[in-house]
Amino acid sequence: MPDASTNPLGIVRQRCLTHADALLTSAKSTVASGQPYIASHLALLALEEIGEGETMFLKQGDALRPAVNAHPGSIAMRTMT
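The sequence shown begins at 1 in the numbering used here and counts up one residue at a time.
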């Protein structure tokens with residue numbers, strides 16, 4: 001799989017996960033300040049960021065799938081014969 005530091009989808013995925021971490025950190029401090037209802041919204045936004053990041057990961061895998069499937073030793077090739 002391509003290096004995440006140079007692959008555009010890998011970069012976007014890492015940014016999404018970084019945003020999610022920041023949102024969770026904010027949610028924790030918001031709970032500590034006595035506003036759990038706001039923290040729940042921040043936690044939900046963090047989940048959305050994680051989902052977006054994983055979507056980028058899956059798209060990155062989809063881009064590689066033709067090369068993997070064409071490899072003679074791949075399961076896809078073995079099941080086609």
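Beta carbons are placed, not taken as given, at the ideal position from N, Cα and C, and that holds for glycine.
Please list, in chain order, all residues of the same chain as residue i whose beta carbon is under 6 Å from its beta carbon, the five residues on each side excluded.
i   : result
I50 : A20
A46 : A20, L23 and L24
G53 : R13, C16 and L17
Is the beta carbon of residue i sitting closer than 7 Å to the one on residue j?
i   : j   : result
A27 : L42 : yes
R15 : M56 : no
Which same chain residues end up closer than 7 Å to residue i when comparing Cβ atoms and leaving out the 5 residues on each side of it in sequence?
i   : result
I38 : T30
Once you ignore the five residues that flank residue i on each side, which residues in its own chain have a CB closer than 8 Å to its CB?
i  : result
P8 : none
*Any alpha helix (DSSP H) of 4 or more consecutive residues that is wholly inside the segment 11-71*: 36-70
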